[in-house]
Amino acid sequence: MSDELILYTNPQSRGRIARWMLEETGAAYRTEIVDYGTTMKGQDYLEINPMGKVPAIVHGGKVVTECAAICAYLAEAFPEAGLAPLPHERADYYRWLFFAAGPLEQATTNQFAKFEPSPEQGRMFGYGNYALAVDVLEKAVSAHPYIAGDRFTAADVYVGSSVGWGVMFDWLPKRDVFVDYFARVSGRDAYVRAGALDDAAMPVPA
Numbered sequence: 001m002s003d004e005l006i007l008y009t010n011p012q013s014r015g016r017i018a019r020w021m022l023e024e025t026g027a028a029y030r031t032e033i034v035d036y037g038t039t040m041k042g043q044d045y046l047e048i049n050p051m052g053k054v055p056a057i058v059h060g061g062k063v064v065t066e067c068a069a070i071c072a073y074l075a076e077a078f079p080e081a082g083l084a085p086l087p088h089e090r091a092d093y094y095r096w097l098f099f100a101a102g103p104l105e106q107a108t109t110n111q112f113a114k115f116e117p118s119p120e121q122g123r124m125f126g127y128g129n130y131a132l133a134v135d136v137l138e139k140a141v142s143a144h145p146y147i148a149g150d151r152f153t154a155a156d157v158y159v160g161s162s163v164g165w166g167v168m169f170d171w172l173p174k175r176d177v178f179v180d181y182f183a184r185v186s187g188r189d190a191y192v193r194a195g196a197l198d199d200a201a202m203p204v205p206a
């Protein structure tokens, strides 16, 4: 079986997270740009991701979807990159990676949709309410230079992207801790390379 690594993405999507993570690994990969109006909902792509969403990666014939899963998978698939957690980092690494993918994602998307859960609904929802999720995130990114401690890991790709986009699109308040954290993680060469590749793949205005 081929060990080819393929990224299915669109430069105007969360695929930028997967691209950044791939650039961090240093692994060779091929990019397939999937268009929102056509190929993303076409049968060929739905065979890869039945959700009709990007990103997805195919590695050695196996499919991985969901950005947090892609980050965690690639960190383990390419250990030489040093992006997987060390034993003492695992608790914070997994805790905040999946906090960002679960409660924080729910909180910010519901806030964007102008849905505010009632106290009764908040007891059922994993994030409780938007203000609580934001305050918890602030404590998490304030605890250490990086989300799992003193060094950059794959969790910073996902959490950093969530913070950067959150501040940019007003899904998160522009608190100094968020701005400072994103500045640290976005200054990396891999982030700059990934951004340039995605920018170059943007559709040309008619």
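For the sequence shown, UniProt numbering begins at 1 and goes up steadily by one. All residues carry an ideal CB built from backbone N, CA and C; glycine is no exception.
Going by the C-beta, is E80 closer than 8 Å to any heavy atom of the ligand ADP?
In the structure shown, the ligand ADP is absent, as is every other ligand, since no ligand is present at all.
Under 8 Å, with one C-beta from each stretch per pair, do the segment 71-79 and the segment 130-145 reach the 3-pair mark?
no
Presumed contact (8 Å Cβ cut-off) between V157 and E24, rounded CB distance
Position 157 of the sequence shown holds residue 157. Position 24 of the sequence shown holds residue 24. Yes, they are in contact, since the Cβ atoms of V157 and E24 sit about 6 Å apart, within 8 Å.
Could you name the residues of the same chain whose beta carbon sits closer than 6 Å to that of D189, not counting the 5 residues immediately before and after it, in chain order?
By 1-based counting over the sequence shown, the position of residue 189 is 189. Take D189, set aside five residues on each side of it, and no residue of its chain has a beta-carbon closer than 6 Å to its own.
For G160, name the three-state secondary structure that DSSP assigns.
Along the sequence shown, read from residue 1 onward, the residue named residue 160 stands at position 160. Helix, per DSSP.
Buried or exposed by the 16-neighbour rule on C-beta atoms within 10 Å, applied to G164:
Here residue 164 refers to the residue found at position 164 when the sequence shown is read from its first residue. With 16 or more other Cβ atoms within 10 Å, it is buried.
Measure the C-alpha to C-alpha separation of N49 and L83 and round it to an integer number of angstroms.
For the purposes of this step, residue 49 is taken as the residue at position 49 of the sequence shown. For the purposes of this step, residue 83 is taken as the residue at position 83 of the sequence shown. Using only the alpha carbons, I get a separation of about 26 Å.
Which class does A201 belong to by DSSP, given the choice of helix, strand or coil?
For the purposes of this step, residue 201 is identified with residue 201 of the sequence shown, where counting begins at 1. A201: coil per DSSP, three-state reduction.
Residue of A28, G15, G26 and Y29 minimising C-alpha distance to M40:
Within the sequence shown, the letter at position 40 stands for residue 40. Of A28, G15, G26 and Y29, the residue nearest in Cα terms is G15.
Pair every Cβ in the segment 58-71 with every Cβ in the segment 120-130, then say whether three or more of these pairs are closer than 8 Å.
no
Going straight from the alpha carbon of K174 to that of S2, what length do you get?
Locating residue 174 in the sequence shown gives position 174, where the first residue counts as 1. Locating residue 2 in the sequence shown gives position 2, where the first residue counts as 1. Cα to Cα, the separation comes out at about 45 Å.
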